[in-house]
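Protein chains in written order, with this note's numbering: chain A, 5 to 120; chain B, 64 to 174.
Beta carbons: idealized from backbone N, C-alpha and C, even for Gly.
Because the structure is a prediction, the values reported are computed rather than measured.
Report on the following structure.
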């Protein structure tokens, strides 16, 4: 089975712009989560989608949003970019169906976003 | 408030010996724990997990131990190999697909 794929792998933007990142989960996985990794804050949870619905959300401002399509592919969008948004953005998928439990998440390679 | 802590930023071990990576957590609600290995510019690779109803789980050279009363998790790698050199993250979750990660421990295996 192919793993989680993320596009693009690298992105350079300037302050004030917006960006859209894409994630394709492992075939058959319907849960997709997004994380931000920075040197100072480590890996932090952004949000999780299942069946096109956001089930969980982390403590990030409303500039960070996402969506999931009927084929389980997911996108995340960051509007009005700030310098502090420079990070590695990771997508993870899981075969978990039921809410209320935790299961193993498998990560993609990430998108490295640099904001100038 | 850091709910998952890895207090050792780095660890150096001789090839062939045992590597022990430690992780402490504060939230007693956590019921699922995982270890991931990460190389620079790559996503974390899943290694092994354990649910709170167990105290040990083995997979090849990797064993995870869970001490719920101490809120402590450890990963044992034996024997350690040069390819094990990477950053290791512990993660915990409960009731949702929302993992809380530690800050990571850089493991270096010396030949």
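Quiz item: Can you check whether the CB of residue 159 (chain B) is closer than 7 Å to the CB of residue 60 (chain A)?
Solution: Going by C-beta atoms, residue 60 (chain A) is nearer than 7 Å to residue 159 (chain B).
Quiz item: Does the beta carbon of residue 143 (chain B) come closer than 7 Å to any beta carbon on chain A?
Solution: no
Quiz item: Residue range of the beta strand (DSSP E) that residue 158 (chain B) falls in?
Solution: Element bounds for residue 158 (chain B): n/a, residue is neither H nor E.
Quiz prompt | Pairwise C-alpha distance: residue 107 (chain B) and residue 41 (chain A) | solution = 11 Å
Practice problem: Consider the C-beta atom of residue 76 (chain B) and the heavy atoms of the ligand GTP; say whether any pair is separated by less than 6 Å. | Solution: Absence of the ligand GTP from the depicted structure is noted, as is the absence of any ligand whatsoever, leaving it without description.
Quiz item: Looking only at its own chain, which residues have a Cβ that is under 7 Å from the Cβ of residue 83 (chain B), when we skip the five neighbours before and after it?
Solution: 137, 139
Self-check item: CA nearest to the CA of residue 172 (chain B), picked from B:163, B:161, B:109, B:150
Solution: Residue B:150 is the option with its Cα nearest to residue 172 (chain B).
Self-check item: Beta-carbon gap between residue 22 (chain A) and residue 83 (chain A) smaller than 7 Å
Solution: yes
Quiz item: Do residue 110 (chain B) and residue 117 (chain B) have their C-beta atoms closer together than 7 Å?
Solution: no
Self-check item: Beta carbon of residue 79 (chain B) nearer than 7 Å to that of residue 142 (chain B)
Solution: yes
Quiz item: Are any of the Cβ atoms in chain A nearer than 7 Å to that of residue 95 (chain B)?
Solution: yes
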